[in-house]
Amino acid sequence: MEEKTIMLLTVENLTKVYIKKKILNNVSFSMKKGEILGVLGKSGAGKSTIGKILLQLSRPTTGSILFEGKVLSEVPRKDIQAIFQDPYSALNPSLKIGEILEEPLIANGKFSKEERRKKVEETLVKVGLLESDYEKYPEELSGGQQQRVCIAGAIILSPKLIICDEPIASLDLAIQVQILDLIQKINQEEGISFIFITHNLPAVYRIADRILLLYHGEVQEIQEVEDFFNNPKSEYGKKFLKHLNLIKNF
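8 is the number of the first residue of the sequence shown in the numbering used here; add one for each residue after it.
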């Protein structure tokens with residue numbers, strides 16, 4: 008894994024306006040290769056809008072984004088992938104798991120049929136599933152297993168950044184912890200950076216290196232995770248943490 012010293016992403020003065028309403032207002036932040044950046048905020052804070060812009064699913068009104076020094080439009084789509092909240096809706100129910108995971112490999116055009124099968128089976132094992140799950144349909148898997156398939160799809164082409172938008176919100180607590188541990192394992196072993204979008208304080212405490220806190224589309228503070236939870240700088244950060252309780256035991 009690359010050391011967390013090389014800049015991966017630089018966002019400057021990002022603003023997004025929808026029908027005269029500012030969803031993001033002059034948002035600026037950066038992240039390094041190999042980092043997990045937690046993006047915190049309540050509903051409507053603009054968290055998911057940042058994710059959509061980075062995935063090129065939405066365009067900013069103003070602002071600049073550099074990814075490894077390149078403007079975002081020049082970055083191959085395979086380099087930035089996503090994991091979303093509802094795994095079942097992200098998986099085509101009419102296809103087998105193997106067929107779903109082969110789709111990006113087919114689109115990539117660099118893998119033979121045999122290579123695709125091998126790559127998919129290796130990736131299934133990497134995310135804690137079985138090679139035999141290749142032949143199953145999504146409905147035959149639990150919610151946690153379905154999310155592991157989505158994670159497999161996100162990592163199969165070795166991206167540099169994965170946007171996680173509330174990826175554990177629909178899962179039971181025990182499964183949430185397993186998925187968080189898997190994301191950390193992938194981060195450490197593969198060197199993939201993550202933006203972890205959530206309003207879940209225990210989850211972000213467990214997984215993130217740094218915190219970006221948003222409120223009404225504006226950055227309230229950016230801190231190392233321990234510094235944020237022990238000594239938030241902003242008044243909003245202090246209010247946001249008032250229900251902390253036993254968060255560190257998650």
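Built from N, CA and C at the ideal position, the CB exists for glycine as well.
- Under the three-state reduction of DSSP output, K54 falls in the helix class.
- Taking C-alpha positions only, K126 is separated from I26 by approximately 44 Å.
- In the three-state reduction of the DSSP assignment, S35 falls in the strand class.
- Nearest neighbour of G53 by Cα position, chosen from E75, R66, K29, T68, turns out to be K29.
- Burial of T130 is indicated by the presence of at least 16 other C-beta atoms within 10 angstroms of its C-beta.
- Residue state for N20 is assigned as strand, using DSSP reduced to three classes.
- Beyond the five residues adjoining it in sequence on each side, L47 comes within less than 8 Å, by CB distance, of K54, T205, H206, L208, V211, I218, L219, L220, L221, F247 in the same chain, given in chain order.
- Secondary structure at G116: coil, using DSSP grouped into helix, strand and coil.
- With fewer than 16 neighbouring CB atoms inside 10 Å of its own CB, I113 falls in the exposed class.
- Nearest C-alpha to G135 among F74, Q153, S119: Q153.
- In this structure, E75 sits away from K103, with a CB-CB distance that is not shorter than 8 Å.
- D234 and F203 have their alpha carbons spaced roughly 18 Å apart.
- Contiguous alpha helix (DSSP H) elements confined to the segment 159-221 occur at 180-197, 208-214, taking only those with 4 or more residues.
- Residue environment for E231: exposed (fewer than 16 other C-beta atoms within 10 angstroms of its C-beta).
- Comparing C-alpha distances from F201 to each of H223, E147, I162 shows the shortest one belongs to I162.
- Here the C-alpha atom of Q183 lies approximately 18 Å from the C-alpha atom of S96.
- Counting other Cβ atoms within 10 Å of its Cβ, P100 stays below 16 and is therefore classed as exposed.
- Residue nearest to E225 within the set E197, I57, I193 is I57 (criterion: CA-CA distance).
- Setting aside the 5 residues that flank it on each side, S177 is surrounded in the same chain by Q92, D93, G150, each with a C-beta closer than 7 Å to its C-beta; the list follows chain order.
- The C-beta distance from L16 to M38 rounds to 5 Å, short enough to meet the 8 Å contact threshold.
- Taking the Cβ atoms as the reference, G160 lies roughly 21 Å from G41, outside the contact range of under 8 Å.
- Beta bridge pairing from DSSP links I229 with L219.
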